[in-house]
Structure formats: structure tokens, C-alpha cells
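**Q** In my numbering, the protein residues as written are 6 to 164.
Just so it is clear, CB atoms sit at the ideal spot from N, CA and C, and this is done for glycine as well.
Owing to the predicted nature of the structure, the values given are computational and were not obtained by experimental measurement.
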């Protein structure tokens, strides 16, 4: 006995596809890697200023609830003098996370989970990673002003 294919209406199938597409748009991305861009030409951007200096930045559309961010920060040593400093993460112009870089010529690996819920109505959000030197050498470093503080994102995921 021959099999008979069920006739499906094109408009019916189109309505199903449109509903599925609308559901995907409402849900958004569940997980997405976020690129950061250096403000200098180095792989591990570093600076020797005692003023806040932006080393990495990006602009995102805050359509998810959380930003998971991992950083690596590194102090410097100049002729046996270790350099320490501070770091901060800014959303637009407001600091949302801060920390220190110990003056031990070692690295720190902060892992942050940041809430994006207050920013979800914004079209875009500028995220910046800044550092500044607070102790250590007074010569050497990137521009001769003292030991440097290096920073780089290890990962950045929109969850």
C-alpha cells in the first residue's frame, strides 16, 4: 500500500518558524565570549603611571544578566625594587570592581561575576580595565617613570 504524505500548509509552517524565531530573540544568547581590545600595542598591556590608565576596553550590548571576567595583573621589578599598584573595572565612568597588585613581582588572577541587570535597558555599555602604580621603583618601566603594572583579560563571557 502506498504511503501518503500529509499536506502541510505553507502559512502554517511559516507561523511556526516565526514563533520559534521570536522565542530565540526573547531568550537572547545564553553564553558568549566578549572580546577586549588593548589601548596599546602590547600583548600584556602595561603602564608605569601613578594616574589611572586604561589598558583594555570594549563596548557591549548588555542583553544578558551577567558578565564573567577573569583578569591577570602583574607587578614589575626594576633593579631589585618591586612595583605594586591598583586596578579597577569601570562600566561607562563608574568603578564596579577594584583590587590591588602586590609589590612582590608576582601576579594576581581576580575572577569577577558582574551583574548587568541595571544596564539592560542601555543600548551600549563601555567596559574599561584601568591600572595605576602605587609603590615601587621610581625609574625604569615603560616610559622611565617607574616600575610598570601589567594587565590582561584571561576570559570574558556574557552569561
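Taking all protein chains shown into account, do 16 or more other C-beta atoms lie within 10 angstroms of the C-beta of residue 160, making it buried, or fewer, making it exposed?
**A** Answer is exposed; the Cβ neighbour count stays below 16.
**Q** What would DSSP say about residue 99, mapped onto helix, strand or coil?
**A** Of the three classes helix, strand and coil, the one that applies to residue 99 here is strand, per DSSP.
**Q** CB-CB under 6 Å to residue 107, same chain, minus the five flanking residues each way: which ones, in chain order?
**A** Only 89 meet the Cβ criterion.
**Q** My output table needs one value for residue 67: the three-state DSSP class, helix, strand or coil.
**A** In the structure shown, residue 67 sits in coil (DSSP, three-state: anything other than H, G, I, E or B).
**Q** For residue 102, tell me which candidate among 110, 109 and 115 has the shortest Cα-Cα distance.
**A** Nearest of 110, 109 and 115 to residue 102, Cα basis: 115.
**Q** Using beta-carbon positions only, say whether residue 91 and residue 105 come within less than 8 Å of one another.
**A** Cβ atoms of residue 91 and residue 105: closer than 8 Å.
**Q** Run the CB neighbour count on residue 64, radius 10 Å, all protein chains shown included, and call it buried at 16 or more, exposed below.
**A** Classification for residue 64: exposed.
**Q** Among the candidates 85, 84, 131 and 86, whose CA atom is the shortest distance from the CA of residue 99?
**A** Taking only the C-alpha atoms, the option nearest residue 99 is 131.
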